[in-house]
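**Q** Below: one structure in structure tokens.
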């Protein structure tokens with residue numbers, strides 16, 4: 013059985029993970045106003061983990077309504093630092109400030125994935141990972157951001173684990189792929205179980 017798979021995301025790393033897994037798919041940018049949605053749920057005291065799930069669901073639902081005959085994958089990742097959300101930095105100065113907060117401390121990444129089939133949610137998963145950042149000097153942080161800005165500007169937390177971001181951490185507890193923004197092992201299990209892909 014084959015059917016069209018659509019990734020409701022403009023994330024290059026999520027696309028790359030699906031490609032490396034041998035999954036055929038197309039991508040569509042869901043164009044969700046994440047900032048407004050996050051603010052609304054934060055004001056209603058939703059746990060950060062659930063906000064990731066809500067955003068992933070919104071993206072998948074929006075694209076599923078446009079492509080009702082497709083399997084649609086929606087994803088979102090939230091960085092939780094002391095029960096507060098740190099969003100993508102708008103510029104280098106803001107990212108330097110964020111990394112100064114995170115250095116020497118623990119934070120969590122919640123990576124949510126929701127699959128829609130025929131405009132209905134059929135599967136969801138949230139991978140949560142505890143991240144411990146090394147003690148970093150202000151000078152190191154500034155140089156890291158300046159040297160890597162073009163690569164990290166679209167990453168939550170301002171680091172890419174698949175590149176130089178790994179050097180920022182002393183410990184990671186959880187699934188590596190969830191750190192990258194897509195719990196792909198669990199997603200593949202679901203797609204196999206539903207007969208969407210074959211092995």
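In the working numbering, the protein residues as written are 13 to 211. Glycine included, every Cβ here is placed at the ideal spot set by N, Cα and C.
Would you report the Cα separation of residue 179 and residue 81, rounded to the nearest angstrom?
**A** One C-alpha to the other measures close to 43 Å.
**Q** Buried or exposed: where does residue 121 fall if 16 or more other Cβ atoms within 10 Å of its Cβ makes it buried?
**A** Counting Cβ neighbours within 10 Å, residue 121 comes out buried, since at least 16 surround it.
**Q** If residue 148 sits next to residue 198, beta carbons under 8 Å apart, how far is it from one beta carbon to the other, in whole angstroms?
**A** No, residue 148 and residue 198 are not in contact; Cβ-Cβ is about 32 Å, not under 8 Å.
**Q** Quick check: the Cα distance between residue 118 and residue 150, rounded to an integer number of angstroms?
**A** If you take the alpha carbons of residue 118 and residue 150, they lie about 18 Å apart.
**Q** Out of curiosity, what's the CA-to-CA distance linking residue 96 and residue 86?
**A** If you take the alpha carbons of residue 96 and residue 86, they lie about 23 Å apart.
**Q** Starting from the C-beta of residue 40, find all residues in its chain whose C-beta is less than 8 Å away, skip the five residues before and the five after it, and write them out in chain order.
**A** Excluding positions up to five away in sequence, the list reads 18, 19, 20, 75, 78, 79.
**Q** Ignore the nearest five residues each way along the sequence and tell me which others in residue 160's own chain have a CB closer than 7 Å to its CB.
**A** Excluding sequence neighbours, residue 160 sits near 176.
**Q** What does DSSP give as the partner residues of residue 183 in its beta bridges?
**A** DSSP, once it has assigned bridges, lists 144 as partnering residue 183.
**Q** Of the choices 65, 203, 167, whose alpha-carbon is the least far from that of residue 191?
**A** Selected option, being the one with the closest Cα: 167.
**Q** In three-state DSSP terms, what is residue 16?
**A** Correct three-state label for residue 16: coil.
**Q** Within 10 Å of its beta-carbon, does residue 50 have 16 or more other beta-carbons around it, so buried, or fewer, so exposed?
**A** By the neighbour-count rule (16 or more Cβ atoms within 10 Å), residue 50 is buried.
**Q** Once DSSP output is grouped into helix, strand and coil, what is the label at residue 156?
**A** Of the three classes helix, strand and coil, the one that applies to residue 156 here is helix, per DSSP.
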